[in-house]
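Okay, so here's the structure we're looking at.
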Amino acid sequence: MPNSQFSIPNILYLLQLVSPALPVGAYSYSEGLETLIENKIIYDVESLKYWLNQELRYGAIRLEAAVMLRSYHAVKAEDFATVAYWNNWLSATRETEELRNQSQQMGGALIRLLKELQPQVKPIITVVGNPCNYAIAFGVAASIWEINSEAVILGYLHSWLSNLITAGVKLIPLGQTAGQLLLMDLQELISTVAVEITNLNDDELSCCSWGLSLASMAHEQQYTRLFRS
Numbered sequence: 019m020p021n022s023q024f025s026i027p028n029i030l031y032l033l034q035l036v037s038p039a040l041p042v043g044a045y046s047y048s049e050g051l052e053t054l055i056e057n058k059i060i061y062d063v064e065s066l067k068y069w070l071n072q073e074l075r076y077g078a079i080r081l082e083a084a085v086m087l088r089s090y091h092a093v094k095a096e097d098f099a100t101v102a103y104w105n106n107w108l109s110a111t112r113e114t115e116e117l118r119n120q121s122q123q124m125g126g127a128l129i130r131l132l133k134e135l136q137p138q139v140k141p142i143i144t145v146v147g148n149p150c151n152y153a154i155a156f157g158v159a160a161s162i163w164e165i166n167s168e169a170v171i172l173g174y175l176h177s178w179l180s181n182l183i184t185a186g187v188k189l190i191p192l193g194q195t196a197g198q199l200l201l202m203d204l205q206e207l208i209s210t211v212a213v214e215i216t217n218l219n220d221d222e223l224s225c226c227s228w229g230l231s232l233a234s235m236a237h238e239q240q241y242t243r244l245f246r247s
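When you read off a place in the sequence shown, starting at 1, and then add 18, the result is the number in this note's numbering.
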């Protein structure tokens with residue numbers, strides 16, 4: 019008689035962690051896209067694709083994902099002081115108030131949720147400190163739920179990309195089908211970038227994200243806004 023259960027380790031935990039239904043408020047952030055679209059720097063699917071491509075190759079998301087993995091592995095090793103170190107390190111790299119608030123507000127929301135879902139996480143969070151960045155909280159959750167590290171990095175990047183494409187669909191605007199085609203077009207790049215990020219040494223953690231920083235600073239003063247960043 020065939021086994022009635024699937025054997026992919028903890029895949030449902032990963033799906034829950036990257037789900038748009040996860041109540042962390044990711045949908046309310048555009049990471050500068052709102053300003054870029056307002057200023058006609060991004061205006062169609064091709065210009066959005068170019069921006070997302072460059073961010074994945076060179077931008078701040080690489081740092082976030084790399085630090086998320088370090089948090090994940092440190093929790094597995096029960097080295098919570100190292101998790102706290104990377105939390106402080108990531109806070110120091112946030113170049114604008116909006117980006118810092120986004121990271122810490124989403125991180126705080128995920129931490130509060132984790133405390134309800136997995137009470138054993140509370141001692142870890144106490145050591146990490148408050149505020150907690152989203153990438154750190156994501157790594158903690160993925161480690162506690164024993165999700166495969168390769169799946170974790172892919173899920174983190176895919177969730178980030180999906181959120182920004184959704185923002186682009188609303189703001190440009192694009193059709194839902196165009197958004198899904200764009201997501202498919204960038205899947206191979208996500209896989210490539212995930213491998214690169216996994217192999218980064220600590221002294222290789224860098225990014226070129228001045229465009230994001232300028233867009234974020236401009237968004238703080240933008241007159242009409244739908245998004246918080």
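Every residue gets a Cβ at the ideal spot worked out from N, C-alpha and C, and that includes glycine.
Separation of residue j from residue i, as counted between CA atoms
| i | j | result |
| --- | --- | --- |
| VAL139 | GLU64 | 42 Å |
| LEU74 | GLU49 | 13 Å |
| LEU192 | LEU54 | 15 Å |
| SER46 | PHE245 | 5 Å |
| GLN136 | TYR61 | 43 Å |
| MET19 | ALA159 | Only weak support exists for where MET19 lies, its pLDDT of 39 falling under 50; the value from the coordinates is given anyway. So the two alpha carbons sit approximately 35 Å from each other. |
| ALA236 | VAL187 | 21 Å |
| GLN72 | LEU30 | 31 Å |
| ASP203 | ASN57 | 25 Å |
| LEU199 | ALA155 | 30 Å |
| LEU230 | LEU81 | 14 Å |
| LEU179 | LEU189 | 15 Å |
| HIS91 | GLN34 | 20 Å |
| SER167 | LEU87 | 8 Å |
Start and end residues, alpha helix (DSSP H) containing residue i
| i | result |
| --- | --- |
| LEU204 | Where LEU204 is concerned, there is no enclosing alpha helix (DSSP H), given that its DSSP letter is neither H nor E. |
| PRO137 | Neither: PRO137 is in no alpha helix (DSSP H) and is coded neither H nor E. |
| VAL9 | This structure does not reach residue 9, given that the chain is present from 19 up to 247, and the question cannot be answered. |
| ILE79 | 78-94 |
| THR242 | Per DSSP, THR242 belongs to no alpha helix (DSSP H) and is neither H nor E. |
| GLY229 | 228-237 |
| GLY157 | 152-162 |
| THR111 | 98-111 |
| LEU179 | 167-189 |
| TYR31 | 29-36 |
| ILE55 | 51-56 |
Cβ neighbour criterion (16 or more within 10 Å) applied to residue i
| i | result |
| --- | --- |
| THR144 | exposed |
| THR242 | exposed |
| THR114 | buried |
| TYR68 | exposed |
| LEU52 | What sits at residue 52 in the sequence shown is Glu, not Leu. Looking at its Cβ environment, which holds 16 or more other Cβ atoms inside 10 Å, GLU52 is buried. |
| VAL213 | exposed |
Pair within 7 Å by beta-carbon distance, residue i and residue j
| i | j | result |
| --- | --- | --- |
| LEU117 | SER224 | no |
| ASN151 | GLY125 | yes |
| ILE165 | ALA83 | no |
| SER227 | ALA99 | no |
| ALA102 | GLY157 | no |
| ALA169 | LEU40 | no |
| VAL42 | LEU128 | yes |
| LEU70 | VAL85 | no |
| GLN123 | SER247 | no |
Distance between beta carbons of residue j and residue i, contact taken as under 8 Å
| i | j | result |
| --- | --- | --- |
| ILE183 | LEU172 | Not really, about 16 Å apart at Cβ, beyond 8 Å. |
| HIS176 | ILE208 | 6 Å |
| SER89 | ALA153 | 7 Å |
Minimum Cβ-Cβ distance from residue i to chain B less than 7 Å
| i | result |
| --- | --- |
| ALA92 | Going by chain labels, chain B is absent from the structure shown, which holds only one protein chain. |
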